Each structure stands twice: as structure tokens, then as C-alpha cells.
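The structure appears right after this line, and notes come after that.
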Amino acid sequence: MAAKNRIFIVLLGPPGSGKGTQARILEKQLGLPQVATGDLFRFNLKHQTELGLLAKKYMDAGELVPDEVTIRMVEERLSREDCAQGAILDGFPRNLPQAVALDEMLAPYGGVTIVPLFVVEDDVVVERISGRRVCRNCGAVYHVRFNPPKHDNICDVCGGELYQRDDDRPETVKNRLYVYYKQTGPLIGYYFAKGLLEEIDASKAVNEVTEALKAVLAARGVAIPEA
Ligand code: AP5
Numbered sequence: 002m003a004a005k006n007r008i009f010i011v012l013l014g015p016p017g018s019g020k021g022t023q024a025r026i027l028e029k030q031l032g033l034p035q036v037a038t039g040d041l042f043r044f045n046l047k048h049q050t051e052l053g054l055l056a057k058k059y060m061d062a063g064e065l066v067p068d069e070v071t072i073r074m075v076e077e078r079l080s081r082e083d084c085a086q087g088a089i090l091d092g093f094p095r096n097l098p099q100a101v102a103l104d105e106m107l108a109p110y111g112g113v114t115i116v117p118l119f120v121v122e123d124d125v126v127v128e129r130i131s132g133r134r135v136c137r138n139c140g141a142v143y144h145v146r147f148n149p150p151k152h153d154n155i156c157d158v159c160g161g162e163l164y165q166r167d168d169d170r171p172e173t174v175k176n177r178l179y180v181y182y183k184q185t186g187p188l189i190g191y192y193f194a195k196g197l198l199e200e201i202d203a204s205k206a207v208n209e210v211t212e213a214l215k216a217v218l219a220a221r222g223v224a225i226p227e228a
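Printed below as a string of C-alpha cells:
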């Protein structure tokens with residue numbers, strides 16, 4: 002495997018702040034894979050694996066899946082060939098033990114490159130989450146108002162059926178936000194102290210958030226080719 006200086010972008014921010022939306026855009030533009038722990042758990046659940054069934058219990062309650070299984074899953078994912086140049090981490094790390102484990106995993110490759118922090122008000126994320134629809138087949142993400150599909154409940158990309166995630170129910174969303182502030186919040190200080198944190202105003206429109214991300218990436222020497 003290539004040694005140092007891979008690019009590892011850690012997208013940090015509350016549920017519904019737009020991390021997945023931007024990760025998918027950056028994935029295409031940068032040519033680095035999106036590694037989204039929530040998507041990996043949902044993939045496992047779809048295939049009824051032991052890991053998926055275990056994760057479901059925690060996801061439905063809006064709690065974090067235990068570190069041991071989560072860290073092992075990410076380690077395996079990052080060891081795959083498509084991460085040879087780096088990855089866009091979406092939803093990992095989510096607490097201090099996971100952040101320390103990630104630092105250990107990435108130490109041979111130059112560590113985390115940058116941590117964009119998606120800053121957005123709670124009422125905005127609740128509105129975004131309540132209108133989110135996801136393709137059952139390819140995972141593309143829509144919003145009934147901000148990014149509607151061309152045809153109701155049908156994915157523009159693959160024609161798959163759109164659905165509402167189980168953990169997007171209002172009572173679960175409240176706990177996900179609580180867990181974010183309590184367990185993921187300390188990572189803001191952790192990455193600030195390492196000089197890796199870059200705040201992004203994630204309340205803006207999708208294309209404006211992408212431009213802001215590109216600007217902070219470019220300032221760290223991660224250039225994105227013009228489309
Ligand atoms: P996960 O799937 O990671 O969910 P999350 O972090 O809560 O993030 P979301 O997917 O809800 O939101 P997002 O920021 O990606 O927003 P999106 O782009 O979709 O995790 C789910 C669960 O898995 C966790 O609760 C936990 O149980 C478990 N888990 C995952 N990782 C774990 C870990 N590391 N450790 C332990 N457990 C873990 O956008 C939201 C909506 O807004 C969409 O409809 C979108 O179209 C719309 N939108 C996006 N951007 C904009 C914009 N700029 N303007 C208007 N609308 C927008």
C-alpha cells in the first residue's frame with residue numbers, strides 16, 4: 002500500500018447537517034470513496050448480517066453502536082484497495098475513543114488531513130431530517146422540499162423506491178441530537194487542538210456548502226479539479 006500523505010477528510014456535524022450529501026459530491030469530484038458508517042450499518046441490515054441486526058437495536062434508539070464493532074468495521078473498510086489514496090469519512094469518528102483509534106489507523110499515512118465542521122441550527126436539521134427520503138436501492142438522498150426527486154418516491158438515479166429511514170422519526174431524532182452533543186461534541190475541541198478543524202456554514206444551499214468545502218480543502222492543499 003502507498004505510504005504517507007493520503008487524504009483523509011473527516012466530515013463532522015450533527016445528524017441531518019448535510020454530511021452525506023456533500024460526501025457524495027466530493028466523492029465524485031475528488032475521486033476518493035465516501036466511507037459512511039451509517040450506510041455500512043444499513044447495508045449490513047439490508048443483508049440481515051449479524052452486524053446489521055446488532056446495529057439496528059442502537060440505530061433505532063438513536064444511540065451509538067458499540068465502539069469495538071464500529072472501529073473494526075472501519076478498519077476493514079479503510080484497508081480496501083479503493084482507499085489507497087485516502088477517503089472521505091462521514092459519521093466516523095463519533096466519540097473520543099473512535100477518534101483515537103482513527104489516529105492510530107492513519108498514523109502510517111500522515112493522519113487526518115482536515116476536519117470540516119458542519120455548523121447548523123437544530124431546527125434546520127430537524128426540518129431536513131423530517132423531509133429526507135433515501136433510495137432503497139442505491140442510497141441516493143433527497144429532500145421532499147429542498148431536493149425533490151423528479152417523480153414522487155422514485156429515485157432519479159436508478160429508479161429505485163424512496164423511503165424514510167426508521168431513525169428519522171421525531172422521537173429518535175431528538176435522542177440522536179442529544180447523543181451528538183454529548184458524545185461527538187468533544188471531538189470539536191479534539192480536532193481544534195490539532196489544528197485540523199474548519200467551520201463550514203452548513204445552513205446554506207447545497208452548492209454554496211460545496212463551494213465553502215472546496216475553499217477550505219484548497220487552503221490545505223487538497224485541490225478539486227473544476228467540473
Ligand atoms: P448516520 O447514518 O451517520 O446518520 P447521521 O450522522 O445522524 O447523519 P445523517 O445521515 O442523519 O445526516 P447527514 O449529515 O448525512 O445529512 P444528509 O446529507 O443526509 O448514522 C445513523 C446511526 O448509525 C447513528 O445514530 C448510530 O446509531 C449509527 N452510527 C453511525 N456511525 C456510527 C459511529 N461512528 N459509531 C457508532 N454508531 C454509529 O442531509 C439531510 C437532509 O437534508 C437530506 O434530505 C438532504 O437532501 C437535505 N440537505 C442536505 N444538505 C442540504 C442543504 N444544504 N440545504 C437543504 N437541504 C439539505
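Heads up, the sequence shown is in the numbering used here, so the first residue is 2 and it goes up one at a time.
Note that CB positions come from ideal geometry on N, CA and C, so glycine has one too.
For clarity, every value in this text was computed on a predicted model and none was experimentally measured.
Residue i versus residue j: straight-line alpha-carbon distance, rounded
{"i": "Ile108", "j": "Pro226", "result": "The sequence shown places Ala at residue 108, rather than the Ile named in the question. Cα-Cα distance, rounded: 27 Å."}
{"i": "Asn148", "j": "Ala216", "result": "23 Å"}
{"i": "Ala4", "j": "Tyr110", "result": "Bear in mind that a pLDDT of 48 at Ala4, under 50, signals an unreliable position, so the model cannot answer this."}
{"i": "Asn96", "j": "Arg134", "result": "27 Å"}
{"i": "Glu172", "j": "Pro117", "result": "28 Å"}
{"i": "Met2", "j": "Arg81", "result": "In this prediction, Met2 has a pLDDT of 39, which is less than 50 and means its spatial position is unreliable; nothing more can be read from the coordinates."}
{"i": "Ala56", "j": "Val66", "result": "6 Å"}
{"i": "Val101", "j": "Tyr182", "result": "18 Å"}
{"i": "Glu122", "j": "Ile130", "result": "13 Å"}
{"i": "Gln23", "j": "Val207", "result": "8 Å"}
Residue i vs residue j beta-carbon contact at 8 Å
{"i": "Gly161", "j": "Asn176", "result": "no"}
{"i": "Phe93", "j": "Gly14", "result": "no"}
{"i": "Asp124", "j": "Val36", "result": "no"}
Collapsed DSSP secondary structure at residue i in the structure displayed
{"i": "Gln86", "result": "coil"}
{"i": "Ile189", "result": "helix"}
{"i": "Leu65", "result": "coil"}
{"i": "Glu199", "result": "strand"}
{"i": "Leu33", "result": "coil"}
Residue i: CB within 7 Å of a non-hydrogen atom of the ligand AP5
{"i": "Gly53", "result": "no"}
{"i": "Lys175", "result": "no"}
{"i": "His152", "result": "no"}
{"i": "Leu188", "result": "no"}
Where the beta strand (DSSP E) through residue i begins and ends
{"i": "Val116", "result": "Val116 to Val120"}
{"i": "Val135", "result": "Arg133 to Cys136"}
Extent of the continuous alpha helix (DSSP H) to which residue i belongs
{"i": "Glu51", "result": "Glu51 to Ala62"}
{"i": "Phe9", "result": "Per DSSP, Phe9 belongs to no alpha helix (DSSP H); it is in the beta strand (DSSP E), Ile8 to Leu12."}
{"i": "Gly217", "result": "Reading off the sequence shown, one finds Val at residue 217, where the question assumed Gly. Run containing Val217: Val207 to Ala220, per the alpha helix (DSSP H) assignment."}
{"i": "Val101", "result": "Leu97 to Leu107"}
{"i": "Val174", "result": "Pro171 to Val180"}
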